[in-house]
Each structure stands twice: as C-alpha cells, then as structure tokens.
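Data block below; observations after.
Protein chains: 2
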Amino acid sequence: MDIRADQALRWWKRVCLEQVLDDRPDLTLRQLTILLTIYLDPPPHTVRGLAARLGVTKPVITRALNAMGAMGLVERRRDERDRRNVLVRRTVEGSLFLEKLSDTIVIAAREELR
Amino acid sequence: MDIRADQALRWWKRVCLEQVLDDRPDLTLRQLTILLTIYLDPPPHTVRGLAARLGVTKPVITRALNAMGAMGLVERRRDERDRRNVLVRRTVEGSLFLEKLSDTIVIAAREELR
DNA sequence: CTAGCCTGTTACGGATACGAAACGAACCGT
DNA sequence: ACGGTTCGTTTCGTATCCGTAACAGGCTAG
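Protein chains in written order, with the working numbering: chain A, 1298 to 1411; chain B, 1298 to 1411.
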C-alpha cells in the first residue's frame, strides 16, 4: 500500500472538510482520538489509561467524556471490582458516528487515491 | 483503492494520535482544513473565498489566519490590484508542516493498510 | 464627489478548552 | 483502623473559540 504525498494530503483534507461542513458541532481532535481509542483498542478503558495513551492530563479526558457523553457517543460506568475506576463503554450512537466517519474516509480514499 | 471500514478507522486514528502526541499545540480541525485548502487549492485565496468554501463565517478565517500566521504557517499580503482584498500565501514553514503530516499519513497507511 | 457596496477586521458576550492544584472517595498495607 | 496511595472529578485562573454585529478603509457608479 503506497501512496503519494499529495494524494495523502488531498485525502486528509477531504475528510476534514466534510467534518467542518457538517452541521454537527465538530469534535476536537483530542475528543475524536479518545473516541477512536475507545472503539478500536481492547477494553477496559479508564480515565487514567486514556490520559496516558494520549499524553494528556486526566481533566482533559474527564471533560471530553462529559462532552461526548452528553452527545451519547460514550457511556461511563463504575468499575464494581475497584470502585475508584471509571470504565468507559461504547454506545450504539457512538458506533453509528464512527461508521459514518469510516464511510467518509473510505469514499474519500476511493476518489482521491485512485 | 478499496479499504475496509476498520482499516480506515485505524488509519485515521493513528494519524490523529500522532497529532495529539506531538508537542506542538494542536491545530483546530478548522484551522487544519484552512491550511490544507490554501496549500492544495489553486490561488489566490481570500478571506471571503475561504469562508465560503468551508461554510464558516469570515471572523473564523481571520482568527485562524492570526493563529497560523503567528506560527509562521501562512502569510497575509494585501492585494495591490484591489486593496480591499487580503491574499493568503504559503510559507516554507507551512510546507514543511504539511510535508510532515503527509509523511505521517503515508506511513500510517503503509502499516495499517497492509 | 459622494453614496453605497464590498473587503477584512475588531468588539462583544457567551461558551469551551487548557494545565495545575486541590479534593473526596476507594483501596491497601500494616 | 488508619496513613498513604490511587482513582476520577472539581476548581481556579487563563486562553481560545464561536457567531453576531459594528466597524474602517477601498472601490465604483452616477
């Protein structure tokens, strides 16, 4: 799988542009990265773990979970085995959101990387 | 060029993650989209034109140009033929930034889309 | 020359983000 | 049971972003 630099940028730009044009309030780069980590990396996901993986402070994660939780994209649940932990879980709505995103990516790839 | 949905998401996540991990303050999704438009679409680029293309208001463009101008990623110059216009121009530093981005994308593709 | 339009910028109030530090709650070792 | 540690959250002050609306300056038609 080899791609030319200019193809890569056009592809990336195209996906970004569709996100910007969308009416939905844009997710922050950090928020989106958190969301993708939750959905692509194997659970369980804790605040601390996410913070470490992204190289950001814990409040960043808390705030992002607040925001995305309000949009229904993720869910928080106490870890019953260690009640200090908060486990972050996927939701149907979050899956749909990422499904739409991947559609955008795939289509952009098909048209920009031909 | 056909990609599976999960490959697409992993690819995208990887590039996002590298942006987040980077020490440099993250560009907003909008800022990045503006930058890519300036570098990929044929000039001239005006504030009004960029605003229309991205479906945002003019102050958004002005502010983004302020921020990216301070980082040296773009340059503003008066249009001498119609001094109302501001022409946005590329810089060496901006080219280097995008070159690094495209490297990230290409490498991520090579490893995620194998 | 001047009234009106077009440009980009600035002002404003509100929303949101940030990191550092303090905080309460839960766990653990002793 | 109690001091220390580890969680996630909250608070604080600061910085940034947003859209609306007002703005100053350049252009142009009459």
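Backbone N, C-alpha and C define an ideal beta-carbon position, used for all residues, glycine too.
The model shown is predicted, which means the values in this text are computed figures rather than measured ones.
Listed in chain order, the alpha helix (DSSP H) elements of length 4 or more contained wholly in the region 1339-1395 of chain B are 1344-1351, 1355-1367. Distance from the CA atom of A:Leu1333 to the CA atom of B:Val1383, rounded to whole angstroms, is 38 Å.
Between the alpha carbons of B:Pro1356 and B:Thr1330 lies a distance of about 15 Å. Residues of the region 1343-1376 of chain A with a Cβ closer than 9 Å to any Cβ of chain B, in chain order: Arg1350, Leu1351, Gly1352, Val1353.
Only residues of its own chain outside the window of five on either side were considered, and among them Gln1316, Val1317 have a CB closer than 7 Å to the CB of B:Asp1323, listed in chain order. Per the coordinates, the alpha-carbon of B:Glu1396 lies some 17 Å from the alpha-carbon of A:Arg1311. Annotation for A:Leu1410: no alpha helix (DSSP H) segment contains it, and DSSP assigns it neither H nor E. Close CB contacts of B:Ala1348 within its chain, under the 8 Å cut and outside five residues either way in sequence, are with Thr1354, Lys1355, Val1357, Ile1358 (chain order). Nearest in C-alpha terms to B:Leu1314, of all of B:Arg1411, B:Arg1407, B:Leu1398, is B:Leu1398. In the displayed model, B:Ile1402 falls within a helix according to three-state DSSP. Runs of the alpha helix (DSSP H) lying entirely within the region 1302-1338 of chain A, each at least 4 residues long, are 1302-1318, 1326-1337 in chain order. With fewer than 16 other Cβ atoms from the protein chains shown falling within 10 Å of its own Cβ, B:Leu1393 counts as exposed. Residues are counted here when their Cβ sits less than 7 Å from a Cβ of chain A; for the region 1314-1325 of chain B these are Leu1314, Gln1316, Val1317, Leu1318, Asp1323, given in chain order.
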